[in-house]
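Working notes for the structure below.
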DNA sequence: TATACTATTGATAATGAATATCAATACCAA
DNA sequence: TTGGTATTGATATTCATTATCAATAGTATA
Ligand SMILES: [Mn+2]
Ligand SMILES: [Mn+2]
Ligand SMILES: [Zn+2]
Ligand SMILES: [Zn+2]
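Protein chains in written order, with our numbering: chain H, 128 to 273; chain L, 128 to 273.
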């Protein structure tokens, strides 16, 4: 099943309704491979569907998150962002502080080390987030002058 | 030089003034080994010094952060927290989602792997943050029933 | 010491994102 | 149909953070 199907299943399973607004919001979200704030998603949605309210977008994002097709990411810039979760394996982020360009990173070795650290302290890991901030190739060239 | 000295040096270097309020706030902050929100620090400060304003605490935290004796941490709970930086090597966090108990973790091997990942993508690392959320020994026992 | 200048303070206002409220409307099952 | 509930969009509220501002305190200079 695809992301949309998973969302539909979740909504139905909760006894909620399948509405055009939700469908439109989910479509726009799934068509955008970015880390969006609610405001940004709202703006995108409004480009196509003029009458949808901000609150409806906000509520749809909440539902998408609960359904597992959406994940909240927090880069510490003061607003929460959301990205696709379904079909995207767990990953962490490498973000350019200058232009915002990011790479989704993953290392099995690194994940294993994390798990070992957790175990060493007697904890049980539920989830983690790792964000690395730096300069992308282009920006590091510019900053260093050439 | 200690943390307080570093703060004083930074303040002086910027042509700013050494005030009693700043001294009081810095003292309280340095005496508390926690990850504090501004509100929490404000409450602590007010216990001893009744007349200090919230804005003054907020501004002092900003100064402490700039001076390098304080670091902002963000656990995604909606408000920013601050911890000692001076004399605390770089570390990441392992946090219990149930009771909030945390451990400051560090692994040279893990840091090296992070650096390798960054280099592989042509980025230059400036800083990173890694927060692992889970259950502490006590809480994992409780949750599993024994 | 008097004076002018600037930094600082504390109260309060403004901001901005997230969330709650609410009346109107849409949907569903009987 | 009809009654009950979910949903919507507009708006209000909340909450943390940041900005504003008049009053005050500190500093340098004469
Ligand atoms: Mn991502
Ligand atoms: Mn810490
Ligand atoms: Zn860049
Ligand atoms: Zn715990």
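Don't be surprised by glycine CBs; every beta carbon is placed ideally from N, CA and C.
query	result
Neighbourhood of residue 176 of chain H by C-beta, 6 Å cutoff - its chain only, sequence neighbours within 5 removed	151
Partner residues on chain H for residue 189 of chain L, Cβ-Cβ distance less than 7 Å	Near residue 189 of chain L there are no residues of chain H at all, since even the closest Cβ is about 15 Å away, more than 7 Å.
Beta-carbon proximity of residue 192 of chain L to residue 209 of chain L, cut-off 8 Å	yes
Partners in chain L for residue 151 of chain H, counting only beta-carbon separations shorter than 9 Å	Within chain L, no residue comes near residue 151 of chain H; the closest Cβ sits about 29 Å away, beyond 9 Å.
Length of the line joining the Cα atoms of residue 276 of chain L and residue 157 of chain H	For chain L, the structure presents residues 128 to 273; residue 276 of chain L sits outside this window and is missing.
Any non-hydrogen atom of ligand 4 within 7 Å of residue 225 of chain L CB	yes
Start-end ranges of the beta strand (DSSP E) lying completely within the stretch 135–216 of chain L, minimum 3 residues	197–200 and 208–211
Any non-hydrogen atom of ligand 4 within 7 Å of residue 228 of chain L CB	yes
Contacts of residue 166 of chain L in chain H (Cβ-Cβ under 8 Å)	Chain H residues near residue 166 of chain L: none, gap ~17 Å exceeds 8 Å.
Between the CA atoms of residue 186 of chain H and residue 173 of chain H - distance to the nearest angstrom	15 Å
At least 3 beta-carbon pairs within less than 8 Å: the stretch 218–237 of chain L vs the stretch 257–265 of chain L	yes
Distance CB(residue 221 of chain H)-CB(residue 248 of chain L) smaller than 8 Å	yes
Neighbourhood of residue 163 of chain L by C-beta, 7 Å cutoff - its chain only, sequence neighbours within 5 removed	208 and 209
Three-state secondary structure assigned by DSSP to residue 223 of chain H	strand
Proximal residues, the stretch 207–218 of chain L versus chain H, C-beta separation under 9 Å	207
Residue 251 of chain H versus residue 139 of chain L - alpha carbon distance	46 Å
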